[in-house]
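See below for the structure under consideration.
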Amino acid sequence: MVGPKAWVFSLLLLEATSVLGRQMMLSQSVRRVRPTKRTPSIMAKPADTLESPGEWTTWFNIDHPGGKGDYERLDAIRFYYGDRVCAQPLRLEARTTDWTPAVRTGQVVHGSPREGFWCLNREQRPGRNCSNYTVRFLCPPGSLRRDMEHVWNQWSPWSKCSAACGHTGVQTRTRTCLAETVLLCSEATEEGRLCMGRACAACDLTCPMGQVNADCDACMCQDFVLHGAIALPGGAPASGATVYLLTKTPKLLTQTDSRGKFRVPGLCPDGKSILKITKTKFAPLMLTMPKTSQKAAVVTAEFVRAETPYIVMSPETKARKAGQSVSLCCKATGKPSPDKYFWYHNNTLLDPSLYKHESKLVLRKLQQDQAGEYFCKAQSDAGAVKSKVAQLTVIAPDEIPCNPNPESYLIRLPHDCFQNATNSFYYDVGRCPVKTCAGQQDNGIRCRDAVENCCGISKTEEREIKCSGYTLPTKVAMECSCQRCTETRSIVRGRVSAADNGEPMRFGHVYMGNSRVSMTGYKGTFTLHVPQDTERLVLTFVDRLQKFVNTTKVLPFNKKGSAVFHDIKMLRRKEPITLEAMETNIIPLGEVIGEDPVAELEIPSKSFYRQNGEPYTGKVKASVTFLDPRIISTATAAQSDLNFINNDGDTFPLRTYGMFSVDFRDEATSESLNAGMVKVHLDSTQVKMPEHVSTMKLWSLNPDTGLWEEESDFKFEGQRRNKREERTFLVGNMEIRERRLFNLDVPESRRCFIKVRAYRSERFLPSEQIQGVVVSVINLEPRTGFSSNPRAWGRFDSVITGPNGACLPAFCDDQSPDAYSAYVLASLAGEELEAVESFPKFNPNAIGVPQPYLNKLKYRRTDHEDPRVKKTAFQISMAKPRPNSAEESNGPIYAFENLQACEEAPPSAAHFRFYQVEGDRYDYNTVPFNEDDPMSWTEDYLAWWPKPMEFRACYIKVKIVGPVEVNVRSRNMGGTHRRTVGKLYGIRDVKSTRDRNQPNVSSACLEFKCSGMLYDQDRVDRTLVKVIPQGSCHRASVNSMLHEYLVNHLPLAVNNDTSEYTMLAPLDPLGHNYGIYTVTDQDPRTAKEIALGRCFDGTSDGSSRVMKSNVGVALTFNCVERQVGRQSAFQYLQSTPARPPNGRRVASRRQQRASRGGQSQRGGAASLRFSGVAQRPVSN
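Structure (C-alpha cells):
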C-alpha cells in the first residue's frame, strides 16, 4: 500500500521525465488526476527516464479514435511489426499525435506493458472522444532486433533548451535514415526530452509608476481604482465574465456582477497593462489600461460571439525538383483570430521550435524525403481547425516530371464510321492526364506559384479515320510534357425554388459572407463566378418578398474550372403568430399529421428585449419554421452541409432531428427582437436510435462559414403526460440574438464513402465518364424490418464528379447493415441522370457491383416496385465493408479512413453508376476536347474552341417539311485562314424534333463552329459550314435576312447542290431574325445550353424545351420518306465496291448526296464566290 505522499512524489517524477508536449511515461493505468483516490501500486513506482537500463522501441500508432476508441494493443502491434517489440516490455510510454502527454489530456486512459494502451470514447466527458495516441515500449537490454542499426546514422547532440530562466522547456535531437527503401525508414527521426532553463537573476522589472509586485511581473498603484462595464452583443449586461491581468501567467482579478460591472483597485493607469476578459461562448476582450493621472477610470466593452477558427486558405498541391524551395500557406479567420499555426507532414507534427507558429511554411533546398502530404492546424481560444491536405511532390533533378507516354483515351465516331479493325465505333486518340508537375519556377517563394505547371500534350500526330464514303482527320496525342496549365474559371449556376411546389424565388439576393454576389431572375436562376481563392463556397439566399426562409448552402464546385448547376430548395416561411411578451409562450416544432411534435419551444415571460438591450413588453409577431426530418421531401431544403469542427480541428458530420428558423418582431415597428432564456423540450420518443439520446445537442448555424456551432447540451427533465401516455423530455437552453437558425443534432462517427461514377451512355466506358455531375445522398433511417420505407432522413450531402468519379459521404454501420440506408441521385445542368435498373433485369455487371456484396447492399432503383416512378435514383443499405472480406474490400462502400483508396480506385473497381439517356446529338472534334474538363484544351489551329476561358456557341435552325424526322449534319472546315483552309474542325449531328402543333413538320437546332479568331489571336477565320440533311431532301428556302447578310459579307459560298446548304459563317452574332443563335460564356456546356434553348424557342432572349418550327428558322428543306425496300445512301456505299481514286467516271447525284456528309476535299478549300468575280477557291 502506498500513501498519498508517495503517490504525489511518483507523479512529480513522472512529469519530470516527460517531454513537454511530446512524451509521457505510462504504467499500469492512468486516469484523470484525483488526489483523493489511490492509484494502482505500479503507478507509484518512479518511472524510468530515457537513460534507464533498457531499450526503447519506435513509436507505434495502429488505430484511430473512431468507433469505440483508440486501441494500441500490444498483440495487435506485434501482429503488424513482429519482433520490433520485445516479448516482455518493462514500461510503456504514451502521447497524442500532437505531442501532448496522455497524463495532461484529462482523458480516462488505460495501459499495461503486457497488454498495451487503450482509451474508450464512452468513458470520456459527454461530447468528447479520445485523442489519437501513439505508444512505445521499454524493453530489456539486448532484446530488440539489431538489424536496424545500419539503417540509421547516430543521433545528433541535444539542442539548446527552449525554456526561459526558471522554466521547463524542451530539447530535441534528430537522426537520418540511410536506407533506400522507404519501408525501412518508418521509425522516429526526432526525439525530445524535458530540460530546465538557466537560473533567473534578481527582479529586473522597473515601473514608470507604482511599485513592482511580489511576483516581479506587474506594477501596482495602491491608490488607483478601475471601473468597468461589460455588455453582451445587443447591449444586455454580461454577468459572470472573468477579468484577468495579462502577465507571464494571467492573474485572475475579479468577475462581473449581475449588471455586467466590475471594480479592480491597485492597477496602474500606465497605458500599457492589458486586461483580458472572458466569458463562455464569446471571444475574449483585450482592454488596454487607460493612461491618466486621475485616481479612477472607467472602461466599457461589448462581447462578440466566439467563432471557431475557419480556414479561408489551404496549402496548395505543388511539385518541385530536389534542391528547389517551396512555400505552403494557410490562413484562418475566427473570433478571436487564430494566433498559432501547427504544420503536419504525413500526419506528424513538425517541430514548432523549428517551424514556429506561423501561417507560412517555407521549405528550402528540398530533399525527396520531404515529399508527401502537408496540412496546417490553426488554433485560438475558441478552438482549432485543420486545413485541407496538400500534396508535395519532390523529384530528382534529372527526373522527367511527366510520363511522356500518353494514356489510352477513346472517342466515339459518327454512326456511319464503324471500325472493322476494332469492331467498334471508337478510336484511341490518347491523352495526357492533367496533374501538377515540377516545371520552371522563378526565385520567388510565394503561396501561389507565379506559373502553375501541368502535364499536357506536347506532340500530336495527324491521322485519317476511314468511314463510309469519307475520311475523318484527327489529332492523336503522341507525347506528354510539363507545361503551363490552362487557365480556367469556376462558375456556379442554379435555380432557387420552393421545396413544396417549385415556385421560383424571384429577384432574391445571393450573399457570400456580407457581400451580395448575385441575384436571382424571374425564373429563380442565378450565376456566380467563384473567386479564385475560395476554399468553401458558402452562399446565403435571401428572399426580399419574405415568402421563404433565408437559406444558407455550402455548394461544391469544380476548382479546375467549368460550370456546375445546383437546384436550391427553400422552405416556405411559416405564417407569423402573435405572442404576449409578458406571458410564457409554447410553440410546437413539427406538425406531421398523426404524429406528436418533435419538440417544443418555450419562451418564458419577460424574455424579449430590443437590439439595444432594452426589455420589450409589447406584442410579438413570431414566425417559427420547422424543417421536419420525418417528411422525406424536405431533405433537399436542409441548411448548410451539416458539419461542425471538433476540439481537435477535424470536420465531423451531424445527424439532424430537426431544424428551426425563428423570426421575432415588434408588432408595431417590425424591429427584430432578441429572446433570452429560451428552452427547447425534445420528446425522447422521437429519437429512435437510443445511443443518440445522451449525445443530443442544440446547435446554431454560422452563416459566414456554413458550420454548426454548439449552443448547449440537452438534459433529462421530468416526465409529462399527454393524451395517450407519459413521455420523457430532454431540455436544452439557448438565447436568440444574432443567430436565427438552430438544429437538434447528434455528432455521428459511423461514416463511410460511396463510390459513384456518371457516364454519357449505358456503355459505361471509362473514357465516357462525365465530370461536373452533382451527386447527392439523403441518409435515411429505415423502419425496423422495412428498409425501403424510411422513418426519417438524417442528413443531405452533395459532391461533384471529377475525372475519377466521386466519393459520397454517408452514415454506415458495421454491426447492423440496415441501421442506415442511402438514397442517391445525380443531375447535370439541372437534368436528372438515370440509375441502372434493378427490375425486371438485375445485372450486377451493369450496376457495377459484384455479388454477393450487392445483395447485402440491397440495391433498388426508385422504380423497382412501381414502373411509373422516375428512374433517376437508387437506394441501398449502408453496410460497412468488413475489413477481412475480400469481396467487400474493393468498393463500392469504403470505410471513412479509406478515403484515399476511394478517390484513387480504378474504373474496374466496384462502383455505382448513373448515365445520360442517349439523345439524338453527336459531336466530333478533329482536336479532341472534353467539355467537362476545360484543362483538357490543347493549343491547336483546328481546336473547335479557340480560347479556353471564352466559349462561343453557334446554332442554326433548320426546318424539315416531311413525314419523318431527319438526321441533320454540319460539316465545319477552315474557310479563310491560311492555316486551316480546307481542313476539318469537326462535325455535328442532330435529329430533327417533331413539332407538336404541326403535322409533317420537324426542326433541328444544329451547332456549327463560330467564325472568329483562332487560338493565336492573329486573324479571323470565316468557318465554311455545310448543312446536310441526311435523307431525300431538297432545299426549299433560305432566310432572306441571312441570305442578304451573306451576300453583303463576301466571300460567298457556292450552293449548286439543292440537297444541302453551304455558307461562310457570319462573324457577327446575328439573332433569331436570321435563324442564327449565338451565345458566349465561360463554360462550353452552358453556352450551348442557352443557345439551344433560344433556338428551340425561336427568340434571341427566351428559352424553351419545346420545338417551335414556325419562328426563327434559317433554312427549310422538303424531305420525302424513303420507299420501303429502297436502299439507303449508306447501305449503297457499303454494298458498292470501292473504285480507284483516279477513276474518271463521274459519280451520280445519289452517290454525291450519300458521301457529302463526310467527304473532305483534299488539296484546297470548298468553292467560294465573290460578286462579279469568276468562281475560284479562296486562299490565304
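Its first residue numbered 123, the sequence shown is counted upward by one per residue in our numbering. Each residue gets a CB set at the ideal place from its N, CA and C atoms; glycine is no exception.
Among Asp185, Ala224, Leu214, Thr179, the one whose alpha carbon lies nearest that of Gly204 | For the purposes of this step, residue 204 is identified with residue 82 of the sequence shown, where counting begins at 1. Nearest C-alpha to Gly204: Thr179.
How far does the alpha helix (DSSP H) with Asp788 in it reach, from first residue to last?
-> The residue given as residue 788 occupies position 666 in the sequence shown. DSSP places Asp788 outside any alpha helix (DSSP H); the residue lies instead in the beta strand (DSSP E), whose first and last residues are 773–788.
Which word fits Asn527, buried or exposed, when buried means at least 16 other C-beta atoms lie within 10 angstroms of its C-beta?
-> Locating residue 527 in the sequence shown gives position 405, counting from the first residue. That one is exposed.
Simplified DSSP state of Lys801, which is helix, strand or coil | In the sequence shown, counting from the first residue as 1, residue 801 sits at position 679. If DSSP states are grouped into helix, strand and coil, Lys801 belongs with the strands.
Identify the continuous beta strand (DSSP E) that holds Thr180 and give its terminal residues.
-> Mapped onto the sequence shown, residue 180 falls at position 58. Annotation for Thr180: no beta strand (DSSP E) segment contains it, and DSSP assigns it neither H nor E.
Counted within 10 angstroms of its Cβ, other Cβ atoms place Gln246 as buried (16 or more) or exposed = As a working mapping, residue 246 is identified with position 124 in the sequence shown. Burial call: buried.
Out of Arg861, Pro175, Glu583, point me to the one whose CA is closest to Phe259's CA.
-> For the purposes of this step, residue 259 is taken as the residue at position 137 of the sequence shown. Selected option, being the one with the closest Cα: Pro175.
Where Pro223 falls, given that 16 or more other Cβ within 10 Å makes a residue buried | The residue you call residue 223 lines up with position 101 of the sequence shown. Pro223 counts as buried, since at least 16 other C-beta atoms from the protein chains shown sit within 10 angstroms of its C-beta.
Segment limits, alpha helix (DSSP H) that includes Glu1025 = Translated into the one-based positions of the sequence shown, residue 1025 becomes position 903. For Glu1025, the enclosing alpha helix (DSSP H) starts and ends at 1021–1025.
Cα-Cα, which of Ser380, Thr807, Tyr1183, Leu374 is closest to Gly1350?
-> No information on residue 1350 is available, as it lies outside the stretch 123 to 1302 that the chain covers here.
Can you tell me the Cα-Cα spacing of Tyr738 and Gly798, whole angstroms?
-> Numbered from its first residue, the sequence shown carries residue 738 at position 616. Numbered from its first residue, the sequence shown carries residue 798 at position 676. Approximately 11 Å, taken between the alpha carbons.
Pairwise C-alpha distance: Cys524 and Met600 | Translated into positions along the sequence shown, residue 600 becomes position 478. Translated into positions along the sequence shown, residue 524 becomes position 402. Looking at the two C-alpha atoms, the distance is approximately 13 Å.
If you draw a straight line from the C-alpha of Val207 to the C-alpha of Thr256, how long is it?
-> Locating residue 207 in the sequence shown gives position 85, where the first residue counts as 1. Locating residue 256 in the sequence shown gives position 134, where the first residue counts as 1. One C-alpha to the other measures close to 14 Å.
Residues in its own chain within less than 6 Å of Asn926 by CB, not counting five upstream and five downstream?
-> Working through the sequence shown from its first residue, we reach residue 926 at position 804. Taking Asn926 as the centre and dropping the five residues before and after it, the same chain places no C-beta closer than 6 Å to its C-beta.
Within the segment 1044–1082, ranges of the alpha helix (DSSP H) (whole runs, at least 4 residues) = The segment 1044–1082 contains no complete alpha helix (DSSP H) run of 4 or more residues.
Cβ pair count under 8 Å reaching 3, the segment 1159–1175 against the segment 1199–1208 | Taking a cut-off of 8 Å for Cβ pairs, the segment 1159–1175 and the segment 1199–1208 do not touch, as fewer than three such pairs fall below it.
Can the beta-carbon of Gly1134 be found less than 8 Å from the beta-carbon of Asp1045?
-> Taking the first residue of the sequence shown as position 1, residue 1134 is located at position 1012. Taking the first residue of the sequence shown as position 1, residue 1045 is located at position 923. Taking 8 Å as the cut-off, the beta carbon of Gly1134 is found no closer than this to the beta carbon of Asp1045.
Name the one or two DSSP bridge partners that Phe648 has.
-> As a working note, residue 648 is residue 526 in the sequence shown. Its beta-bridge partners are Gly616.
Under 8 Å, do Ala506 and Ala512 count as touching if we go by C-beta distance?
-> What you label residue 506 is simply residue 384 of the sequence shown in a count that begins at 1. What you label residue 512 is simply residue 390 of the sequence shown in a count that begins at 1. In this structure, Ala506 lies away from Ala512, with their beta-carbon atoms at least 8 Å apart.
On a CA-only basis, which of Ile709, Phe1073, Leu348, Arg862 is nearest Ala418? Give me that one, please.
-> In the sequence shown, residue 418 corresponds to position 296, counting from 1. Closest option to Ala418, Cα to Cα, is Leu348.
For Leu407, name the three-state secondary structure that DSSP assigns.
-> In the sequence shown, counting from the first residue as 1, residue 407 sits at position 285. DSSP places Leu407 within a strand segment (E or B) once states are collapsed to three.
Going by beta carbon distance, what residues of the same chain come within less than 6 Å of Tyr975, once the five residues before and after it are set aside?
-> Within the sequence shown, the letter at position 853 stands for residue 975. Short of 6 Å from the beta carbon of Tyr975, and not among the five residues preceding or following it, lie these beta carbons of its own chain, in chain order: Glu1009, Glu1010.
To which residues of the same chain is Thr740 closer than 8 Å at the C-beta, ignoring the five residues directly before and after it?
-> Walking along the sequence shown from the start, residue 740 turns up at place 618. One point to set straight first is that residue 740 is Gly, not Thr, in the sequence displayed. Sequence-distant partners of Gly740 (beyond 5 residues in either direction) whose C-beta falls short of 8 Å from its own C-beta, in its chain, are Ala703, Asp788, Glu789, Ala790.
Mapping DSSP to helix, strand and coil, what is Ser816?
-> Working through the sequence shown from its first residue, we reach residue 816 at position 694. Coil, per DSSP.
Sort Arg297, Tyr1199, Cys261, Tyr633 by Cα distance to Ser278 and report the nearest one.
-> Residue numbering aside, residue 278 sits at position 156 when the sequence shown is read from its first letter. Closest option to Ser278, Cα to Cα, is Arg297.
Residues that Lys675 bridges to, as DSSP identifies them = For this step, residue 675 is matched to residue 553 along the sequence shown. Lys675 is bridged to Leu661.
Would you be able to state if there are at least three C-beta pairs under 8 Å between the segment 1094–1111 and the segment 1132–1150?
-> Segments in contact, yes.
Please report the residue range of the beta strand (DSSP E) in which His1156 lies.
-> Indexing the sequence shown from 1 puts residue 1156 at position 1034. Per DSSP, His1156 belongs to the beta strand (DSSP E) from 1154–1160.
Thr544, buried or exposed, once every other Cβ within 10 Å from all chains shown has been counted against 16 = The residue given as residue 544 occupies position 422 in the sequence shown. Exposed, because fewer than 16 other Cβ atoms sit within 10 Å of the Cβ of Thr544.
To the nearest angstrom, report how far apart Cys329 and Asp339 are at their CA atoms.
-> Position 207 of the sequence shown, counted from the start, is the residue given in the question as residue 329. Position 217 of the sequence shown, counted from the start, is the residue given in the question as residue 339. In a straight line, the C-alpha of Cys329 is about 10 Å away from that of Asp339.
Can you tell me whether Trp821 is buried or exposed, with buried defined as 16 or more other CB within 10 angstroms of its CB?
-> Locating residue 821 in the sequence shown gives position 699, where the first residue counts as 1. A residue is called buried once 16 or more other Cβ atoms fall within 10 Å of its Cβ, and Trp821 is buried on that count.
Does the Cβ of Asn967 lie closer than 7 Å to at least one heavy atom of the ligand GTP?
-> This structure does not include the ligand GTP; it has no bound ligands of any sort.
Tell me whether the beta-carbon of Trp1310 lies closer than 8 Å to the beta-carbon of Ile900.
-> This structure cannot settle anything about residue 1310, because the visible part of the chain is limited to 123 through 1302.
Cα-Cα separation, Ile587 to Ser580 = By one-based count along the sequence shown, residue 587 stands at place 465. By one-based count along the sequence shown, residue 580 stands at place 458. Spanning the two alpha carbons is a distance of roughly 22 Å.
Distance, Arg990 Cα to Ala620 Cα | Stepping through the sequence shown from its first residue, residue 620 is reached at position 498. Stepping through the sequence shown from its first residue, residue 990 is reached at position 868. So the two alpha carbons sit approximately 24 Å from each other.
Assess, as a yes-or-no matter, whether the segment 677–697 is touched by the segment 1055–1074 under the definition of 3 or more beta carbon pairs within less than 8 Å.
-> For the pair of segments examined, the segment 1055–1074 was found to touch the segment 677–697: the number of CB pairs separated by less than 8 Å reaches three.
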